[in-house]
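Just below is one structure, and these are the notes that go with it.
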Amino acid sequence: MLEIVNLKAGYRGVPALQGVTLEVHKGEIVGIIGSNGAGKSTLIRAISGLIKPTEGTITFKGIRIDTLPSHEIVRLGIIQVPEGRHLFGKQTVEENLKLGAYLIKDEKKIKDHLEHVYSIFPILKERKKQRAETLSGGQQQMLAIGRGLMSNPELLIVDECSLGVAPIVVEEIFRILKTINAQGTTIMLVEQKVHEALELAHRAYVLQTGRVVMHGTGEELLKSELVQKAYLGI
Amino acid sequence: MFIQLVVSGLLLGCIYSLISMGLSLIWGVMGIVNFAHGAFVMLAMYAAYYGDQLLRIDPLLFTPVAILLLFFLGVLVYQIIIQYVVDGPYVSRLLATFGLGFFLINMAQFLWSPNFRTIKESMVHGVWKIGSVMIELPKLASSLGSILVAALVFLFIRKTRTGQAIQAISADKMGAALMGINLKRIAAFSFGLGIACAGAAGSLLATFYYIFPDVASLFGLIALVAVALGGFGSVEGAFLGALILGLVETLGGYYVDPNWKYALMFLIYLGIVLIRPQGLLGRGKV
Ligand SMILES: Nc1ncnc2c1ncn2[C@@H]1O[C@H](COP(=O)(O)OP(=O)(O)O)[C@@H](O)[C@H]1O
Ligand SMILES: [Mg+2]
Numbered sequence: 001m002l003e004i005v006n007l008k009a010g011y012r013g014v015p016a017l018q019g020v021t022l023e024v025h026k027g028e029i030v031g032i033i034g035s036n037g038a039g040k041s042t043l044i045r046a047i048s049g050l051i052k053p054t055e056g057t058i059t060f061k062g063i064r065i066d067t068l069p070s071h072e073i074v075r076l077g078i079i080q081v082p083e084g085r086h087l088f089g090k091q092t093v094e095e096n097l098k099l100g101a102y103l104i105k106d107e108k109k110i111k112d113h114l115e116h117v118y119s120i121f122p123i124l125k126e127r128k129k130q131r132a133e134t135l136s137g138g139q140q141q142m143l144a145i146g147r148g149l150m151s152n153p154e155l156l157i158v159d160e161c162s163l164g165v166a167p168i169v170v171e172e173i174f175r176i177l178k179t180i181n182a183q184g185t186t187i188m189l190v191e192q193k194v195h196e197a198l199e200l201a202h203r204a205y206v207l208q209t210g211r212v213v214m215h216g217t218g219e220e221l222l223k224s225e226l227v228q229k230a231y232l233g234i
Numbered sequence: 001m002f003i004q005l006v007v008s009g010l011l012l013g014c015i016y017s018l019i020s021m022g023l024s025l026i027w028g029v030m031g032i033v034n035f036a037h038g039a040f041v042m043l044a045m046y047a048a049y050y051g052d053q054l055l056r057i058d059p060l061l062f063t064p065v066a067i068l069l070l071f072f073l074g075v076l077v078y079q080i081i082i083q084y085v086v087d088g089p090y091v092s093r094l095l096a097t098f099g100l101g102f103f104l105i106n107m108a109q110f111l112w113s114p115n116f117r118t119i120k121e122s123m124v125h126g127v128w129k130i131g132s133v134m135i136e137l138p139k140l141a142s143s144l145g146s147i148l149v150a151a152l153v154f155l156f157i158r159k160t161r162t163g164q165a166i167q168a169i170s171a172d173k174m175g176a177a178l179m180g181i182n183l184k185r186i187a188a189f190s191f192g193l194g195i196a197c198a199g200a201a202g203s204l205l206a207t208f209y210y211i212f213p214d215v216a217s218l219f220g221l222i223a224l225v226a227v228a229l230g231g232f233g234s235v236e237g238a239f240l241g242a243l244i245l246g247l248v249e250t251l252g253g254y255y256v257d258p259n260w261k262y263a264l265m266f267l268i269y270l271g272i273v274l275i276r277p278q279g280l281l282g283r284g285k286v
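The following block contains the structure:
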């Protein structure tokens, strides 16, 4: 469904990705793991069109997307829940969610999606009139994911959703991601919490200084010496 | 006398509010301080003037036309200038709108001469006396018109899908882009809307204010001070800041010295900025 070939990108001439090749198939949960500064966020910023790659191609459902602006990429069905959440703090929970369905014109559909998101995250329904900035870290992360689901994306990319969230809530969020995936949404899971991510992911890629140094099934990677040494401290 | 001055100040402040709201909106969405804002007020005043002279349409009734004209002018200016400097360095953003304002004022002097003009008599005229307080009806009509337009813009931003997108961009550009909001399109629209506010105010002002090219500098500065006073990015703050400026103008003009009223406005501005740099309402909701 998503194919990335020899992708290079950087910031003001300083490279952050040095030729990344990977693919995501429909229905999968694909993990992208690596330590801080490895280039994970840069990779998905390029997928979402927030930065333009200097080399390589990104193809989604057979369409080249690396030249498209962000809103066109969203229209094709790729939604990113960014690191740091990037919520609209002064707007209410429900307004945030409705903005997630910005490209949907059909009011009925928006309502259905809203009910769906509320059924996944009941706490958001309770807090729907509250400003987003008044929520706790975990609730904000749920709102960010819920907002991402409002357009019913085909590919949901979640960047470091465990950051600043209590461990018990992280568990809950991961469980919910599994359910969302079972309902048909393909997921790219970007994480520094390597162990948890590899347990959830069907397959995963290990990124180091802008390169894929290893990939395989979650299980394979959990057993591999490289992952155990570098990320699990075993 | 005091009540009289307060009333006059508030009436004036309402019109300043509308101008400032547009400036604040533009700043919130694209991080641009529109130094040409007053020039658009001035253009709308001339448009209303010629509407009155040539077409015999009263400036009050001309207001919707001015809103439309200035909206499209704003979108056009965004397309040919602003979009190219929006992501550029601070200096180029500053110079672009500053230069545009300068150009428009000089163009107006060239086309229409620097002389003062006035509309002979607007459809609403005369004075309304309540006790010892005199309310000039043209000013009252313009203020009410300004409040109406400002309220409509406010409702639009709060209640419509496009308005929600405008708020979203002001709050978090990247978040907005990731929701599929076309940043350029909404920015163009917001610039148009901000300029339309200036346009509405210009047309409403034309009923009683002197019309001359340099009026642009005056209103541009007032709006800038009002927005800084209220807090950049807060439309409510801009509103409040503008009301305060209206009061300072009339009260200061009377109790201090008419020649000093603008100096006084900026003095108060400096005071507030030194004590509370984020403005009165900080960075509130758009
Ligand atoms: N906005 C930015 N400007 C300049 N350099 C950046 C920016 N974002 C990230 N980088 C650099 O790019 C590299 C990869 O960063 P990033 O993709 O954020 O890594 P990760 O998400 O894996 O932690 C790092 O060296 C980082 O310092
Ligand atoms: Mg990151």
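Sequences listed follow chains L and F, in order.
Heads up: the first sequence is residues 1 to 234, going by this note's numbering.
Heads up: the second sequence is residues 1 to 286, going by this note's numbering.
Built from N, CA and C at the ideal position, the CB exists for glycine as well.
Under 8 Å from the C-beta of residue i: neighbouring residues of chain L
{"i": "F/G180", "result": "S70, H71, V74, R75, Y102, L103 and S151"}
Where residue i meets chain F, residues with beta-carbon distance less than 8 Å
{"i": "L/H86", "result": "D172, M174, G175 and L178"}
{"i": "L/P82", "result": "M174, G175 and L178"}
Residues that DSSP places opposite residue i in a beta bridge
{"i": "L/F60", "result": "L/L2 and L/I63"}
{"i": "F/P258", "result": "Bridge partners of F/P258: none, in fact."}
{"i": "L/R203", "result": "L/V30 and L/T217"}
{"i": "L/E191", "result": "L/I33"}
{"i": "L/Y11", "result": "L/V14"}
{"i": "L/E23", "result": "L/E3"}
{"i": "L/V212", "result": "L/L207"}
{"i": "L/T92", "result": "L/R131"}
{"i": "L/V81", "result": "L/V158"}
{"i": "L/I120", "result": "In the DSSP output, where bridge partners are listed per residue, L/I120 has none listed."}
{"i": "F/I211", "result": "F/R117"}
Residue burial classification, residue i (beta-carbon count within 10 angstroms, cutoff 16)
{"i": "F/V286", "result": "Unreliable positioning characterises F/V286 in this predicted model, as indicated by a pLDDT of 37, which lies under 50. A coordinate reading is not provided."}
{"i": "F/L281", "result": "buried"}
{"i": "F/Y90", "result": "exposed"}
{"i": "F/T207", "result": "buried"}
{"i": "L/H191", "result": "Here residue 191 of chain L is Glu; the residue named in the question, His, does not match the sequence. By the neighbour-count rule (16 or more Cβ atoms within 10 Å), L/E191 is buried."}
{"i": "F/F103", "result": "exposed"}
{"i": "L/I32", "result": "buried"}
{"i": "F/S132", "result": "exposed"}
{"i": "F/N237", "result": "At residue 237 of chain F the sequence reads Gly, which differs from the Asn that was named. F/G237 is buried by the Cβ-count criterion."}
{"i": "F/P277", "result": "exposed"}
{"i": "L/N96", "result": "buried"}
{"i": "L/R45", "result": "buried"}
{"i": "F/I3", "result": "exposed"}
{"i": "F/F110", "result": "exposed"}
{"i": "F/L267", "result": "exposed"}
{"i": "F/G22", "result": "buried"}
{"i": "L/P122", "result": "exposed"}
{"i": "L/K52", "result": "exposed"}
{"i": "F/N106", "result": "exposed"}
{"i": "L/H71", "result": "buried"}
{"i": "L/T179", "result": "exposed"}
{"i": "L/Q140", "result": "buried"}
Partners in chain L for residue i, counting only beta-carbon separations shorter than 9 Å
{"i": "F/Q164", "result": "F88, Q91, E95, K98, L99 and Y102"}
{"i": "F/A168", "result": "F88, Q91, E95, N96, L99 and Y102"}
Where residue i meets chain F, residues with beta-carbon distance less than 7 Å
{"i": "L/S48", "result": "L178"}
Exercise for the section: Count the CB pairs spanning the segment 150-169 of chain F and the segment 185-196 of chain F that are closer than 8 Å, and state whether there are at least three. Expected result: yes
Problem - Given 8 Å, three or more beta-carbon pairs between the segment 137-154 of chain F and the segment 191-206 of chain F - result: yes
Practice task
Taking 8 Å as the threshold, find out whether the segment 217-233 of chain F comes into contact with the segment 67-85 of chain F through three or more Cβ pairs.
Solution key: no
Exercise for the section: May I ask you to verify whether the segment 224-238 of chain F touches the segment 88-95 of chain F, counting CB pairs closer than 8 Å and requiring at least 3? Expected result: no
Exercise for the section: Any chance you could list the alpha helix (DSSP H) runs of at least 4 consecutive residues sitting entirely within the segment 91-176 of chain F, in chain order? Expected result: 137-159 and 161-171
Practice task
Inspect the CB distances between the segment 11-26 of chain F and the segment 61-80 of chain L and report whether three or more fall short of 8 Å.
Solution key: no
Practice task
Under 7 Å from any heavy atom of ligand 4, by CB: list those residues in chain order, please.
Solution key: Here the bound small molecules are ligand 1 and ligand 2; ligand 4 is not part of this structure.
Practice task
Evaluate the contact criterion for the segment 125-132 of chain L versus the segment 150-160 of chain F: three or more CB pairs, one atom per stretch, below 8 Å.
Solution key: no
Handout entry: Touch test, the segment 160-175 of chain L against the segment 2-17 of chain L, Cβ-Cβ under 8 Å, three pairs minimum
Key = no
Problem - Touch test, the segment 112-121 of chain L against the segment 92-104 of chain L, Cβ-Cβ under 8 Å, three pairs minimum - result: yes
Exercise for the section: Tell me the start and end of each unbroken beta strand (DSSP E) in the segment 127-189 of chain L that is at least 3 residues and wholly inside, in chain order. Expected result: 155-159
Practice task
Answer yes if the segment 196-211 of chain L comes into contact with the segment 29-43 of chain L, meaning at least three C-beta pairs across the two stretches below 8 Å, and no otherwise.
Solution key: yes
Exercise for the section: Report yes or no: do three or more beta-carbon pairs, one from the segment 221-229 of chain L and one from the segment 53-67 of chain L, lie closer than 8 Å? Expected result: no
Exercise for the section: Report the residue ranges of all beta strand (DSSP E) runs contained in full by the segment 10-42 of chain F; include only those spanning at least 3 residues, in chain order. Expected result: none
Practice task
Could you tell me whether the segment 215-227 of chain L touches the segment 108-122 of chain F, using the rule of 3 or more Cβ pairs below 8 Å?
Solution key: no
Practice task
Taking 8 Å as the threshold, find out whether the segment 80-90 of chain L comes into contact with the segment 156-167 of chain L through three or more Cβ pairs.
Solution key: yes
Problem - Those runs of the beta strand (DSSP E) which lie wholly inside the segment 45-69 of chain F and span at least 3 residues - result: none
Problem - Contained alpha helix (DSSP H) runs [length at least 4] in the segment 180-206 of chain F, N- to C-terminal order - result: 183-205
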